[in-house]
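J.: Sharing a structure here in structure tokens format.
In this note's numbering, the protein residues as written are -9 to 269.
Right under this line is the structure:
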């Protein structure tokens, strides 16, 4: 066993959890890389919303002249603008999920884990503190960026005579569900960073789960992959934000349970391995 391994009984219980939480928050907000990733997330979401607003406006103009485009617009209920503020979620989940990976994997790659667990012998305390910090930060940043993206998109869609009501029940639902989803992705990323203990490996695992797996499951023929595709984390948003249930998809409550399972299982595994393995 490594000489760096600590006898936790001899060291004592360590600081109270609220002090550990405050320490992790200080570490989180003082790292330049963290601030860059958070700022990048906000810029990407606002930028993609503006681009989506312009594209949606162009489509609506085409629909006024093309019967086929008009039929496609009618099939979507004519409410094309409601999803514009959340059009950058796919990229936000990648950035904040990677942030979750780095938050824990960097502890091991830089050797900071030895200092962290020397100061806090109960290893789960800093892990849970990091988890709370990254999930709350991801939720708040996504919610704020979504709202700002909506504000930026308003004058663009108004120019095309499209309606975007940021206070409608559907807009609020999209904001909340997508923010919860991104927070869940950040938690999954942190769990992967803890399990793999390698930044590149954790990020690649995250990309494989959220970007490669959905494409692979869609391309591989067979009823098994068609059914299994419903249970991928990326396919849990639509059922929870749909106005009405879409056939051959999960119910909203089922999608919520599936997303929760995708968080709980890897986090529980990460906690188990964190306690069992040497630093």
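Even for Gly, the Cβ is constructed at its ideal location relative to N, Cα and C.
Taking all protein chains shown into account, decide if residue 14 is buried (16 or more other Cβ within 10 angstroms of its Cβ) or exposed.
T.: It counts as buried.
J.: Would you tell me roughly how many angstroms separate the C-alpha atoms of residue 101 and residue 107, rounded to the nearest one?
T.: Cα-Cα distance, rounded: 11 Å.
J.: With H, G and I counted as helix, E and B as strand and the rest as coil, what does DSSP make of residue 239?
T.: Correct three-state label for residue 239: coil.
J.: Which residue comes first and which comes last in the alpha helix (DSSP H) that contains residue 168?
T.: That run of the alpha helix (DSSP H) goes 159 to 186.
J.: Per DSSP, what kind of secondary structure is residue 211 in: helix, strand or coil?
T.: Coil.
J.: Three or more C-beta pairs closer than 8 Å, one from the stretch 140 to 153 and one from the stretch 193 to 204: is that the case here?
T.: Taking 8 Å as the limit for Cβ pairs, the verdict is that the stretch 193 to 204 does not touch the stretch 140 to 153.
J.: Considering Cα atoms alone, identify which of 96, 170, 137, 264 is closest to residue 36.
T.: The shortest C-alpha separation from residue 36 is found at 137.
J.: Would a C-beta distance cut-off of 8 Å place residue 39 and residue 87 closer than the cut-off?
T.: Result no, Cβ atoms of residue 39 and residue 87 do not sit closer than 8 Å.
J.: I'd like the span of the alpha helix (DSSP H) that includes residue 145, first residue to last.
T.: It spans 114 to 149 - the alpha helix (DSSP H) in which residue 145 sits, taken as one unbroken run.
J.: What's the C-alpha gap between residue 235 and residue 245?
T.: Rounded to whole angstroms, residue 235 to residue 245 spans 11 Å at the Cα level.
J.: So residue 124 and residue 189 are supposed to be a Cβ contact under 8 Å. How far apart are they, rounded?
T.: Wrong, their Cβ atoms sit about 15 Å apart, outside the cutoff.
J.: Measure the C-alpha to C-alpha separation of residue 75 and residue 179 and round it to an integer number of angstroms.
T.: Residue 75 and residue 179: Cα-Cα distance of roughly 24 Å.
J.: Which term fits residue 237, buried or exposed, when burial requires 16 or more other beta carbons within 10 angstroms of its beta carbon?
T.: Result: exposed.
J.: Going by the CB atoms, is the gap between residue 240 and residue 265 shorter than 8 Å?
T.: No, Cβ-Cβ distance for residue 265 and residue 240 is not below 8 Å.
J.: May I have the straight-line CA-CA distance separating residue 111 from residue 262, to the nearest angstrom?
T.: Answer to the nearest angstrom: the Cα atoms are 15 Å apart.
J.: Is it right to say residue 162 is buried, meaning 16 or more other beta carbons lie within 10 angstroms of its own, or is it exposed?
T.: The residue in question, residue 162, is exposed, as its Cβ has fewer than 16 Cβ neighbours within 10 Å.
J.: Residues in its own chain within less than 6 Å of residue 175 by CB, not counting five upstream and five downstream?
T.: Cβ within range, chain order: 83, 87.
J.: Is the distance from the Cβ of residue 85 to the Cβ of residue 167 below 8 Å?
T.: It is not a contact, given that the beta carbons lie outside the stated cut-off.
J.: In whole angstroms, what is the alpha-carbon distance linking residue 213 and residue 222?
T.: Residue 213 and residue 222: Cα-Cα distance of roughly 15 Å.
J.: Three-state secondary structure (DSSP) at residue 153?
T.: Three-state result, residue 153: coil.
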